[in-house]
Amino acid sequence: MPPEAGLKSKVPAAESTLRILRLLASRRGPQPAASIAATLGLPRSTVYHLLAVMEENGFVMHLPEERRYGLGIGAFELSSAYSRQEPLSRLGRPMLASLVDTIGESAHLAVLHGRDVLYIVEERAKNRPSLVTDVGVRLPSHLTASGRAILATLPKSQVRALYPNAAAFSERTEEGEHIRSYAALQSALDQVRQRGYATEDGEVTAGFASVAAAVTDHAGWPTAAVAVTFLGEKVPVEERDELARQVLRVAGELSHRIYGRG
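Numbering (this note's numbering), first residue to last: 1 to 262.
Pasting the structure below:
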């Protein structure tokens, strides 16, 4: 008997748990427990028991009104932990350096970490001022173009879990049209989905604006975001579409390099 088969026979619960997580990760939205059991060929009682344990530990979120289960914050933390490691940084850094050379503006790569975005790569353009987006800095995702690009790619139920009440929203400056409620956040994210990229103007640092696009995996789930930040007064609104086009190009290339998707 191969070692793998012997291992599976000894810990079937662990194997089934991982299969459930992989299934939920491959879907665009939460799934009914019965559908999970049927797809994986597992007894319903086993699936309900495992889902309950995963829910208690934050890896699965139960939506009682819909009678469905989706990935929880714990699963996103694991995803973010992987994204912060060397593969993503090593692939992203030269691509961002090339982007900076092309457009002459500073660029950065960020991942979702709880309700914040965590910056893991920054490439500063020559003769451009320093930014708050240094490597290791965390900022509220709803304020940043990077965060909005990532949030717009998540199912609405997951965004709601991240922003359950008004206390989840914060502000950094007095500029811009700040997002102060879940309804306002969803409206902003709808615009991101329509455009294909996210924007921010003065909400992180007065006088600076950003455009960003999500880096996604083979199932369309967000892993990171590529963003460009610039002095708002130096880049007219009509020229920002070209910056967005370049950002979308790099985000698409990085997705392809990591996951083999076009």
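For every residue, glycine included, the Cβ atom is placed at its ideal position computed from N, Cα and C. Just so we're clear, the structure is a prediction, and the values are computed from it rather than from any experiment.
Taken through DSSP and simplified to helix, strand or coil, Val132 comes out as coil.
In terms of CA proximity to Leu71, Leu154 leads the group Leu154, Leu185, Gln186.
Taking the Cα of Leu88 as reference, the smallest distance to any Cα among Glu122, Ile36, Glu65, Ile103 is reached at Glu122.
Non-local C-beta neighbours of Arg67 in its own chain, meaning closer than 7 angstroms and more than five positions away in sequence, comprise Pro32, ordered along the chain. Contact between the region 183-197 and the region 128-136 is absent, with fewer than three C-beta pairs closer than 8 angstroms. Judged by DSSP secondary structure, Ala184 falls within the alpha helix (DSSP H) whose first and last residues are 182-195. Taking the C-beta atoms as reference points, Ala209 is found no nearer than 8 angstroms to Gly220. Within the same chain, Phe169 come within 6 angstroms of Arg180 by CB-CB distance, once the 5 residues on both sides are set aside. Runs of the beta strand (DSSP E) lying entirely within the region 34-112 and spanning at least 3 residues, in chain order: 60-63, 68-71.
Note on geometry: alpha-carbon atoms of Met95 and Ala34 lie some 43 angstroms from one another. Counting along the chain, the unbroken beta strand (DSSP E) around Pro140 starts and ends at 138-140.
For the pair of segments examined, the region 42-60 was found to touch the region 11-26: the number of CB pairs separated by less than 8 angstroms reaches three.
Taking the Cα of Leu78 as reference, the smallest distance to any Cα among Val47, Ile36, Leu112 is reached at Leu112. By the neighbour-count definition (other C-beta atoms within 10 Å, threshold 16), Val11 is an exposed residue. In the DSSP assignment, Thr17 falls within the unbroken alpha helix (DSSP H) covering 12-26. Under the three-state reduction of DSSP, Ala152 is assigned to coil, being neither helix nor strand.
Distance from the CA atom of Arg193 to the CA atom of Ala152, rounded to whole angstroms, is 6 angstroms. Per the coordinates, the alpha-carbon of Gly114 lies some 14 angstroms from the alpha-carbon of Ser146. In this chain, the beta strand (DSSP E) harbouring Ala227 covers 222-231. Closest in alpha carbon position to Gly41, among Val204, Ala244, Glu15, Ala214, is Glu15. Spatial neighbours of Arg93 in its own chain (CB-CB distance under 6 angstroms, excluding positions within 5 residues in sequence) are listed in chain order as Val121. Its Cα nearest to that of Ala25, the residue Tyr69 stands out among Arg195, Ser45, Tyr69. Under the DSSP assignment, Leu118 falls in the beta strand (DSSP E) whose first and last residues are 116-123. Within the same chain, and ignoring the five residues on either side of His62 in sequence, the residues whose Cβ sits closer than 7 angstroms to its Cβ are Glu55, Tyr69.
The beta carbons of Leu243 and Val211 sit about 5 angstroms from each other, so the pair counts as a contact at 8 angstroms. By a beta-carbon distance limit of 8 angstroms, Ala75 does not contact Leu50. Their separation comes to about 14 angstroms. By the CB criterion at 8 angstroms, Ala107 and Val117 fall outside the cutoff.
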